[in-house]
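Trainee: Residue numbers (this note's numbering), protein chains in the order written: chain A, 1 to 312; chain B, 313 to 582; chain C, 583 to 1090. Backbone N, C-alpha and C define an ideal beta-carbon position, used for all residues, glycine too. The following block contains the structure, expressed as structure tokens.
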Amino acid sequence: MKLVLKKTASLIITLFIVSLLAFLAFQIIPGDPTTKILGTNASAQKAEALREQLGLNRPVTERYLDWLVSFLQGDFGTSYSYLRPVSSLLADKLPVTALLTLLSFALTALLSIPLGIASGSMRSQAADHLAVITDQIIMAIPPFFFGIISCYVFGVVLKWFLPGNYIPLSENAAGCMGYLLLPALSLALPRIAMTVRMLRGSIRDELTENYVLTAKSRGLSRREILLRHVLRNAMIPVVTFLAVSAAEIMTGTIIIEQVFTIPGIGRLLVSSIGNRDYPVVQAIVVLLAAWIMIVNFLADLVNHWMDPRLRS
Amino acid sequence: MKNPTKKKKNRYLLTGGILSGFMTALIVCGFFWTPYSTTAMNAREKLQPPSWRHLLGTDNFGRDVFSRVMQGAGTSFLIAVMVVVIGCAAGILIGSLCGYYGGIADLILMRICDTITAFPAILLSLVIISIAGSSESNIVLALGILFIPSFARVVRTQYAGIRDLNYIKAARLEGVRTPRILYAHILPNTLPILIPALTIGFNNAILAEASMSFLGIGIQPPKASLGSMLKDSQNYLASAPWYVLGTGFMMVVLILAFSLLSEGIQQSTT
Amino acid sequence: MKKRIAVLLSLSAALCAPGLVPGTTSVMADETENASSGRTELVVGLSQDLDNSLDPYQITAAGTREVLFNVFEGLVKPDTDGNFVDAVASSHSISEDGLTYTFTLRDGVKFHNGETATCDDVLYSFETCAQTATNTAVVGALSGIQDITASGNDIIITLPEANSSFLSTVSSVSIVPKDYKDQATAPVGTGPFKFDSYSPQDKAVFVRNDDYYGEKAALTKVTCRIYEDANALYTALSAGTLDLAFHLTLDQVNNLSNGYEVIEGEMNLVQALYLNNGKAPFDDERVRQALCYAIDIDGILDLTEDGHGTKLGSSVYPSFTKYFDESLVDAYPYDPQKAMELLEEAGATGLEFTIKVPSNYTPHVDTANVIVEMLSAVGINAHIKKVEWSTWLNDVYQDRDFEATVIGFDAAYLSPDALLQRWVSTDSSNMINYSNKEYDAAIEKAQHTTEDEAQAAAYKEAEKILSDTAANVYIQDLADFVVLNPEFTGYAFYPLYAVDFAKIRPAG
């Protein structure tokens, strides 16, 4: 319990630092947001009035606290280029990215664990080599390359889906999931390969431990040893790794959304960076950072709960 | 028990070594010589399929894809090398001091490193580029800085473990100066861990650069990198698949080569 | 009193955006869909996002204007031949002296919000447009109106002096409901299609206006999907996701293999390597001329379009038959030797500069690539910087922070002013900071000349000045390749940047 409190406190402090950095980073950039909104021809009075309205004339600390408070209340400011609240932009796009991340993570977890166990307990040398080679190759394929190829093969040639025709979840849930399947798989593949490799290694390591020999000598079957004893320990590093994957998948969507034309926050982030639309960039960065840190935090807790050595 | 794995080790090292040696040779060669000019355009040679003249065919401006892939891989390679050098040099400096001396500075620095490593490189480099503007040197700098923590961590752990060993204590007693202890006595012992970290970092840098160029905020024409070529070639997937496949294949092989190599090194030293 | 024809600056940085018309929301590629020929929903692909504001007076991008062409109308509007036909007005007449225009309001024209258009709305529209429009050419033209009044169902506009191109100005004033405040996000006009919804970076939906006074559109719904990325759009097209896409390149069209009908027309753009005349080294005429000699336009056409496309020579494209000056096309024949001499003379050898180009417009990016290669032959080291479309609008168009750019300018309405006014030295949309007194005078003269021939001559003189001073490296009016799902027919080209959804109908 004490540890949970400690970790929570450290999470909150880190989040606070990240929000401060995200805020300050975009303050030091040269350029005046009023020219972005009003254009270069605006009169000085108009610009001044807008500065006043946006609160740009107040000290930085005051602005930061204001920004933080409204941020926590869900008010992320107004986009310079879309002239609408950032929260309304994100309300459209965030669920799409979240869904894609979730789907991809589910694929990673559901496919990699059985594959990893199979590969870790495999006894045929030839099959093992084949598995290792396949694994290495898949790890080396960048998700966007796989995405391009699968758009072409499954979209243009086989016509299993229509690239560029994203179907909103509200319109047709099955269609939406169908559309997201390939992008999710593109993101998941290298993660699956890495997880399999890790699980395989960790099962092999565990199998050489003394307690396995003891169990064997007590007449337990290999299968029983594997599932009841080895796996529990072997999974510990894998859980942490999967958590990191959840974070990386979320950022991976930035690119994969472009390949499959999915209207998520990735596209919004990239174009907002191009437009120097900082309220949008700020909001996305802080939200992504929060997501990453919370996932890591949860992984820590799970890890702790699974690993008796850490508990004592 | 160890025998079957021993055999595999060599295989990783061998395949990885040959592949990465070959790729490096090809890339270094590309800095000085390519079969065709990488920029000269020719309307009559547009989108030619692979042949003996053009091993990977030609692109939509009639440029030889193989020559461009050589050069593009070179750009990616150079960026990755510089990123790793920056990350590794700064990482060794920070990691060695933190690990050797410990204390409150160590605590704070490692906490910062933890926070940075928690973020995927691509996200942070996008933010840095959005502030500093997109140019080749900014990409190198952004990625380089982001790669520091991972090296610092690895190095610090090593130093913290080695600093209390007897031979270091002995060196201290003999009056060997600290920089010498840090970099002549301890550093060589961290290599078995550092070298695989280098190759993994190298691969991550290749991927990060490719992703950024693919998003259009990396390398700009007429210069090419594997990422920007992949982006350009996408339009011609149906009519000139060799363009996409040639570029993508090069990237996959490059990454594969170095990850096999790192795997091999890791196994042969543990 | 002088009649100042205001020049609207329709600066539409027009780009050739490939747009596609989307058909039904889910054009599933299965056979059942084909069986029920007579689909009335179209899916279009756009290669750029719409402007931030959809208010007809605030539009800057041609890509937005060509789509909203279906939503907004003026008292009159252009047809496919460039003539003006009555729209919100049921008839119009011009007094013999050319000073008084009388427009009779059409009975029962309904806005998309259900209200009936009145003379008050018309007066409001003219006033609001004159005060708020971002298009300087339009604002200028409207400021030349002496008087505008309503009498019964008639709108009477009085000019201080005759102006043969005044109808084109009238056509550019979209009639909107008085005091309606939400044009920016929920535009309301009188056109054959109603705005339904818009989601940034995703799609814009238009539905048929069933209360349209004229012939109602055959299509019931048009979904414009936004790609912002040429590759994504092209992949969607290859897979049959889209029913209509426009502004494609020849390479793209040649590589499509799934039975689209390909229609070739002209893009109606002035594509050029636009040079920032206000910034060294391009403030030196000799450097600009050197670039003109160093760039082989035929070579560009061959490399990017197999020779399609029409060479220009100045800031007017050939659809303006009366004003296009063919003799300027070859003013700068390809001559790298001469280019190098000029550079040396100007002390600009080893010149290095950056071309900013919007990444979503393949034809412009391709052209920029070829230019860079050609310039390297005369020792000029040019770099390309691909930027997002909205970044281009901000940095290059609005802030003029660039050295060179490849883009196409369209005419927002059918007057040479729409293309030429912007280079007047005081014009607020003079992106290239062009400043030439003779040019200003020539345009001024053209705008105040009422006699047709003399006016055309004055415009041509202005065009020649642009060419002589090498204001920009003029390249081409691109060939416009449109692909249409064969289930539909009726795509029509206009002499300006417009896509008319109302003419498209199910085939057969």
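Please tell me whether F1070 (chain C) has its Cβ less than 8 Å away from any Cβ of chain A.
Mentor: no
Trainee: With 16 as the cutoff for other CB atoms within 10 Å, does F748 (chain C) come out buried or exposed?
Mentor: buried
Trainee: So with CB distances below 7 Å, who are the chain A contacts of V556 (chain B)?
Mentor: I148
Trainee: Check for me: the beta strand (DSSP E) holding E848 (chain C) runs from which residue to which?
Mentor: 843 to 848
Trainee: Against chain B, which members of the stretch 147 to 171 of chain A pass a CB distance test of less than 7 Å?
Mentor: The residues in question are I148, Y152, V156.
Trainee: Does any residue of chain A have a CB that is nearer than 8 Å to the CB of N976 (chain C)?
Mentor: yes
Trainee: Looking only at C-alpha atoms, which of A:D92, A:L72, A:R218, A:I148 sits nearest to L549 (chain B)?
Mentor: A:I148
Trainee: Quick one: which chain B residues come within Cβ less than 8 Å of A25 (chain A)?
Mentor: V439, I443
Trainee: Strictly under 8 Å for the Cβ-Cβ distance: is Q1150 (chain C) near chain A by that measure?
Mentor: The requested residue 1150 (chain C) does not occur in the structure, where chain C is confined to residues 583 to 1090.
Trainee: Once the 5 residues before and after A472 (chain B) are set aside, which same chain residues still bring their CB inside 6 Å of it?
Mentor: G411
Trainee: Per DSSP, what kind of secondary structure is Q1058 (chain C) in: helix, strand or coil?
Mentor: strand
Trainee: Here's a check: name, in chain order, each residue in its chain whose Cβ is nearer than 8 Å to the Cβ of T886 (chain C), leaving out the five neighbours to either side.
Mentor: T831, L832, D833, P945, D948, T949, V952
Trainee: Using 7 Å as the cut-off, classify the Cβ of D661 (chain C) as near or not near the heavy atoms of the ligand PLP, replying yes or no.
Mentor: Among the components modelled here there is no ligand, and therefore nothing to report on the ligand PLP.
Trainee: With H, G and I counted as helix, E and B as strand and the rest as coil, what does DSSP make of Y856 (chain C)?
Mentor: strand
Trainee: Check for me: the alpha helix (DSSP H) holding G929 (chain C) runs from which residue to which?
Mentor: Segment: none, G929 (chain C) is in no alpha helix (DSSP H) and carries neither H nor E.
Trainee: Buried or exposed: F334 (chain B), going by 16 or more other Cβ atoms within 10 Å of its Cβ?
Mentor: exposed
Trainee: Would you tell me roughly how many angstroms separate the C-alpha atoms of I507 (chain B) and Q360 (chain B), rounded to the nearest one?
Mentor: 42 Å
Trainee: Can you give the Cα-Cα distance for V381 (chain B) and T350 (chain B), rounded to whole angstroms?
Mentor: 9 Å
Trainee: Quick check on DSSP: helix, strand or coil for H946 (chain C)?
Mentor: helix
Trainee: Any beta carbon of chain B sitting closer than 8 Å to that of A9 (chain A)?
Mentor: When Cβ-Cβ separations below 8 Å define contact, A9 (chain A) makes no contact with chain B.
Trainee: Are at least three pairs of beta-carbons, each pair with one atom in the stretch 929 to 944 of chain C and one in the stretch 966 to 982 of chain C, less than 8 Å apart?
Mentor: yes
Trainee: Answer with yes or no whether the minimum CB distance from S580 (chain B) to chain A is below 8 Å.
Mentor: no
Trainee: Can you check DSSP and say which residues form a bridge with C806 (chain C)?
Mentor: C:V626, C:A786
Trainee: With a threshold of 8 Å between beta carbons, is D907 (chain C) in contact with chain A?
Mentor: With 8 Å as the cut-off, D907 (chain C) does not count as an interface residue toward chain A.
Trainee: For V467 (chain B), tell me which candidate among B:M422, B:L438, B:L455, B:N478 has the shortest Cα-Cα distance.
Mentor: Relative to the Cα of V467 (chain B), the nearest Cα in the group B:M422, B:L438, B:L455, B:N478 belongs to B:M422.
Trainee: Which residues in the same chain have their Cβ closer than 6 Å to the Cβ of A188 (chain A), if we skip the five residues on either side of it in sequence?
Mentor: S104, L107, T108
Trainee: Does the beta-carbon of D661 (chain C) have 16 or more other beta-carbons within 10 angstroms, so that it is buried, or is it exposed?
Mentor: exposed
Trainee: If I measure Cβ to Cβ from L368 (chain B) and keep anything under 7 Å in the same chain, skipping five residues before and after, which residues do I get?
Mentor: Answer for L368 (chain B): P362, V377, F378, V381, W554, G558, listed in chain order.
Trainee: Determine which residues of the stretch 252 to 270 of chain A have a Cβ less than 7 Å from any Cβ of chain C, and write them out in chain order.
Mentor: Q258, T261, P263, R267, L268
Trainee: What ranges does the beta strand (DSSP E) occupy inside the stretch 951 to 1035 of chain C, keeping only unbroken runs of at least 3 residues that lie completely in it?
Mentor: 963 to 969, 986 to 991
Trainee: Looking at chain A, is there any beta carbon in it that lies within less than 8 Å of the beta carbon of T427 (chain B)?
Mentor: yes
Trainee: Taking the beta carbon of P759 (chain C) as the centre, do at least 16 other beta carbons fall within 10 Å, making it buried, or is it exposed?
Mentor: The residue is buried, with at least 16 neighbouring Cβ atoms inside 10 Å.
Trainee: Is the beta carbon of T195 (chain A) sitting closer than 8 Å to the one on F241 (chain A)?
Mentor: yes
Trainee: Output needed for T78 (chain A): all residues of its chain with C-beta closer than 8 Å, excluding positions within five of it in sequence on either side, in chain order.
Mentor: R84, P85, V86, P279
Trainee: When burial is assigned at 16 or more other CB atoms within 10 Å of the CB, is P774 (chain C) buried or exposed?
Mentor: buried
Trainee: For the 8 Å Cβ check, are there 3 or more pairs between the stretch 1075 to 1082 of chain C and the stretch 843 to 853 of chain C?
Mentor: At 8 Å Cβ cutoff, the stretches touch.
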